[in-house]
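Colleague: Provided herewith is a single structure, encoded as C-alpha cells, for subsequent inquiry.
Protein chains in written order, with this note's numbering: chain A, 32 to 312; chain B, 509 to 792.
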C-alpha cells in the first residue's frame with residue numbers, strides 16, 4: 032500500500048519536473064505568443080503579463096500593410112515549396128532506384144559524389160550558381176530558384192533518404208514485375224514508388240519545411256527585389272521596423288501559423304522521419 | 509531508359525553543384541569583379557591574401573566558437589530534456605510537442621523573437637530593471653564579446669528542440685528488459701542511465717552531434733537577424749563574411765577563393781566527425 036503511494040508520488044514529482052523544465056525552455060515562445068495580442072505600450076512595461084486589453088491591432092496591422100508583405104510572401108512561398116517538393120520526389124526516387132538496383136562502379140561513384148553534397152554548405156556555390164542561372168536565362172526567377180533548390184540544395188538529402196529506405200525493401204517484389212515483362216521504369220513507377228510512401232513523406236515534409244524556412248537561397252538566388260518569400264520577406268521588412276515590437280510579433284505570428292499547423296498535423300511523421308532519414312547510411 | 513531518367517537528377521546536381529564548384533575553383537585564381545569588365549588571372553594572390561586576412565580569421569574563430577558552444581550546449585540540453593521527458597502518458601506527449609516547436613520555426617522568426625528579448629531596450633533588460641537589477645542589464649547584442657555568446661545561446665536553444673527528439677527516440681529504443689534486469693540487481697536510476705541507456709544511444713549521439721555541427725558551421729540566418737554581423741563585424745561567421753565579400757563588396761574572385769577554403773575546412777571536419785562518432789557506437 033505504502034509502496035504504491037510512493038511510486039505515485041515520485042511519478043507526480045517527475046511529471047512536475049518535466050513540466051517546469053518545458054515551461055522554462057518555452058518561455059521565449061510564451062513571450063512571442065502573449066505579445067502578439069498586446070499594444071506596444073503594454074509590451075515594454077509588462078512583457079511577461081497576459082494581454083490586457085486583448086488587442087488584435089498587431090494582426091490587423093500585419094495583414095493590411097501597404098506592401099502586402101504577408102499575402103505576397105505566403106503566395107510565393109507556397110508556390111516555391113510545392114514546386115520544389117513535386118519536382119524533387121520523382122527525381123530523387125529515380126536516382127535512388129538506379130543506384131540501388133544497378134549497383135555497379137558508376138552508381139557507386141555517383142552515390143559517393145551525391146552524398147558528399149550533404150557536407151557542402153550551399154553558400155559556397157551561390158556566387159557561381161548565379162552565373163550558371165544567368166547563362167541559362169533563368170537568373171532571379173522562380174524556376175531558377177526551384178531548380179537550384181532541387182539540384183543544389185536538397186537532392187543529396189532526398190537521395191540519401193530514398194536509398195536508405197530502398198535497401199530495406201525486398202528485392203523479389205520488383206524482380207517479379209521485371210520477369211512479368213515490365214520495364215525498369217514501369218516497375219519503379221507502379222511497383223516500387225507506392226512502397227516508398229514513408230520515405231516520400233519524410234522527403235516531402237522536410238524539404239517542404241526547409242524551403243519554406245530558407246532565408247539565404249531566395250535572398251541571393253532570387254535577389255531581394257525580385258519577389259519575396261515569407262521568410263526572406265519578413266527578414267527584409269522587419270529589419271526596418273526593429274522598434275515596433277507589436278508589429279514584429281504580429282507578422283511573425285501570422286507567418287508562422289501555416290508551419291505550426293503543418294507540424295501539428297504531421298507530428299508523428301516528423302519525429303519518425305527525422306530518425307529514419309538520418310539513421311541509415 | 510532508367511539510366512536516362514536517373515541522369516536528369518545527376519544533371520541537375522552537376523549544373524548547380526559541380527559546375528559552380530569548378531567555376532569557383534577557377535575564379536579564385538582571378539580578380540573577378542562583376543562591376544569591372546575584365547578579370548585578370550592573378551595566380552595565388554587571393555590565397556596569399558586570405559592567409560593574412562584578419563577579418564577572415566576572426567570570422568573563422570567565431571564560427572569555431574559558435575560551433576563548439578552550440579554542439580556542446582544543444583547536446584547536453586537535449587539529452588537532459590529527453591531524460592526528463594521520457595514518459596509515456598499523454599502529458600509527456602503534449603510537453604514533447606512544445607519542445608520541438610523552435611525547430612520547425614524559421615531561424616529568422618526565432619532570431620526576431622530573441623531580438624525583442626535581447627536588444628538594448630528589449631524585454632530582458634526591462635524585466636531586470638523592473639525587479640531592481642539594473643546593474644545586470646547589458647546590451648546583449650551590441651557589446652563586442654558578449655554578442656557572439658548571445659548568438660550561441662539562441663542557436664543552442666533552437667537546436668535543443670531537435671536534439672531532444674533524437675535523444676528521446678534513442679532512449680525509447682533501449683530494451684526495457686535490460687533496464688528491468690538492472691533494477692532487480694539493485695542498480696539506481698543514475699547507474700542504469702550511465703551504464704546501460706547512454707552507451708546504447710550511440711547512434712542518436714552521432715545523429716545529433718553531426719547535424720548540430722554541420723548546421724552551425726554554416727550559420728548565417730541567426731547572425732544576419734540578431735546582429736547583422738556587428739558590432740563592427742565582430743560577430744561575422746565564415747559564411748557571413750564569404751557572402752559579404754562576394755555579394756556586397758563584389759569581390760567575386762577573392763570570395764571564390766574563400767569559398768573553396770571553407771569547403772575544404774567544413775567538408776573535412778564533418779567527414780572526420782562522422783567517422784569518429786561511427787566508431788564509438790555500441791551495437792546490440
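Built from N, CA and C at the ideal position, the CB exists for glycine as well.
Computed from a prediction, not measured in an experiment: that's the story for all the values here.
(1) So is residue 278 of chain A in contact with chain B if we call contact Cβ pairs under 9 angstroms?
(2) Can you tell which of A/171, A/223, A/169, A/69 has the C-alpha that lies nearest to the C-alpha of residue 194 of chain A?
(3) Would you check whether the ligand NAP has a heavy atom nearer than 8 angstroms to the C-beta of residue 124 of chain A?
(4) Run through chain B and tell me which residues come within less than 8 angstroms of residue 82 of chain A, C-beta to C-beta.
(5) Is the stretch 619-630 of chain B close to the stretch 737-750 of chain B, with three or more CB pairs under 8 angstroms?
(6) Can you tell which of B/552, B/563, B/526, B/511 has its C-alpha closest to the C-alpha of residue 750 of chain B?
(7) Pairs of beta-carbons, one from the stretch 538-546 of chain B and one from the stretch 684-702 of chain B, closer than 8 angstroms: are there three or more?
(8) Look at residue 582 of chain B and residue 716 of chain B and say whether their C-beta atoms are less than 9 angstroms apart.
(9) Answer with buried or exposed for residue 698 of chain B, where buried requires no fewer than 16 other C-beta atoms within 10 angstroms of its C-beta.
(10) If the cut is a Cβ gap below 9 angstroms, which residues of chain A does residue 639 of chain B touch?
(11) Identify each residue in the stretch 209-239 of chain A for which the Cβ-Cβ distance to at least one residue of chain B is less than 8 angstroms, and report them in chain order.
(12) Could you list which residues in chain A have their beta carbon closer than 8 angstroms to that of residue 581 of chain B, in chain order?
(13) First and last residue of the alpha helix (DSSP H) that includes residue 730 of chain B?
(14) Below 8 angstroms on the Cβ atoms is my contact criterion, and I expect residue 104 of chain A with residue 261 of chain A to pass it. Report the Cβ-Cβ distance as a whole number of Å.
(15) Taking 8 angstroms as the cut-off, does the stretch 61-68 of chain A touch the stretch 221-239 of chain A (at least 3 CB pairs, one atom from each stretch)?
(16) Say whether the stretch 593-613 of chain B touches the stretch 637-645 of chain B, bearing in mind that this needs 3 or more beta-carbon pairs closer than 8 angstroms, one atom from each stretch.
(17) Under 9 angstroms Cβ-Cβ, which residues of chain C neighbour residue 45 of chain A?
(18) Report back the beta-carbon spacing between residue 723 of chain B and residue 586 of chain B to the nearest angstrom; my notes put them in contact at under 8 angstroms.
(19) Helix, strand or coil for residue 538 of chain B, going by three-state DSSP, please let me know.
(20) Out of A/173, A/286, A/268, A/157, which has the shortest C-alpha to C-alpha gap to residue 768 of chain B?
(21) In chain order, what residues of the same chain have a beta carbon less than 8 angstroms from the beta carbon of residue 548 of chain B, not counting five sequence neighbours either side?
(22) With distance defined between alpha-carbon atoms, name the residue in A/58, A/87, A/91 nearest to residue 80 of chain A.
(23) Report the three-state DSSP secondary structure of residue 549 of chain B (helix, strand or coil).
(24) Between the beta-carbon of residue 259 of chain A and the beta-carbon of residue 267 of chain A, is there less than 9 angstroms?
(25) Just to confirm, is the Cβ distance from residue 726 of chain B to residue 737 of chain B under 9 angstroms?
(26) Would you call the CB atoms of residue 175 of chain A and residue 253 of chain A closer than 9 angstroms?
Modeller: Once the coordinates are examined:
(1) Within the first chain, the letter at position 247 stands for residue 278 of chain A. Taking Cβ atoms only, chain B never reaches closer than 9 angstroms to residue 278 of chain A, which makes this a no.
(2) Locating residue 194 of chain A in the first chain gives position 163, counting from the first residue. Measuring from the Cα of residue 194 of chain A, the nearest candidate turns out to be A/223.
(3) In the structure shown, the ligand NAP is absent, as is every other ligand, since no ligand is present at all.
(4) Mapped onto the first chain, residue 82 of chain A falls at position 51. Near residue 82 of chain A there are no residues of chain B at all, since even the closest Cβ is about 15 angstroms away, more than 8 angstroms.
(5) Not touching, per the Cβ criterion.
(6) Here residue 750 of chain B corresponds to residue number 242 of the second chain, with the count starting at 1. Checking every option, the nearest Cα to that of residue 750 of chain B belongs to B/563.
(7) no
(8) Here residue 582 of chain B refers to the residue found at position 74 when the second chain is read from its first residue. Here residue 716 of chain B refers to the residue found at position 208 when the second chain is read from its first residue. In contact: residue 582 of chain B and residue 716 of chain B (Cβ atoms closer than 9 angstroms).
(9) By one-based count along the second chain, residue 698 of chain B stands at place 190. When all chains shown are included, residue 698 of chain B counts as exposed.
(10) Within the second chain, the letter at position 131 stands for residue 639 of chain B. Residues of chain A passing the Cβ test: none, with the nearest at roughly 11 angstroms.
(11) 214, 215, 216, 219
(12) As a working note, residue 581 of chain B is residue 73 in the second chain. Within 8 angstroms Cβ-Cβ: nothing; residue 581 of chain B doesn't reach chain A, min ~13 angstroms.
(13) Along the second chain, one-based indexing puts residue 730 of chain B at 222. Segment 729-734, the alpha helix (DSSP H) holding residue 730 of chain B.
(14) As a first step, residue 104 of chain A must be located in the first chain, where it is residue number 73. As a first step, residue 261 of chain A must be located in the first chain, where it is residue number 230. Their Cβ separation, rounded to whole angstroms, is 4 angstroms, which keeps residue 104 of chain A and residue 261 of chain A in contact under 8 angstroms.
(15) no
(16) no
(17) The displayed structure is made up of protein chains A and B, and chain C is not among them.
(18) Looking up residue 723 of chain B in the second chain gives position 215. Looking up residue 586 of chain B in the second chain gives position 78. That belief does not hold up - the Cβ atoms of residue 723 of chain B and residue 586 of chain B are roughly 13 angstroms apart, past 8 angstroms.
(19) What you label residue 538 of chain B is simply residue 30 of the second chain in a count that begins at 1. Residue 538 of chain B falls in the strand class under three-state DSSP.
(20) By 1-based counting over the second chain, the position of residue 768 of chain B is 260. Among A/173, A/286, A/268, A/157, the Cα nearest to that of residue 768 of chain B belongs to A/157.
(21) Here residue 548 of chain B refers to the residue found at position 40 when the second chain is read from its first residue. The answer, listed in chain order, is 538, 539.
(22) Here residue 80 of chain A is taken as the residue at index 49 of the first chain, counted from 1. Of A/58, A/87, A/91, the residue nearest in Cα terms is A/58.
(23) The residue you call residue 549 of chain B lines up with position 41 of the second chain. Note: residue 549 of chain B maps to strand in three-state DSSP.
(24) As a working note, residue 259 of chain A is residue 228 in the first chain. As a working note, residue 267 of chain A is residue 236 in the first chain. Yes; because the gap between Cβ atoms is below 9 angstroms, this pair is in contact.
(25) Within the second chain, the letter at position 218 stands for residue 726 of chain B. Within the second chain, the letter at position 229 stands for residue 737 of chain B. It is not a contact, given that the beta carbons lie outside the stated cut-off.
(26) Locating residue 175 of chain A in the first chain gives position 144, where the first residue counts as 1. Locating residue 253 of chain A in the first chain gives position 222, where the first residue counts as 1. Contact flag set, yes.
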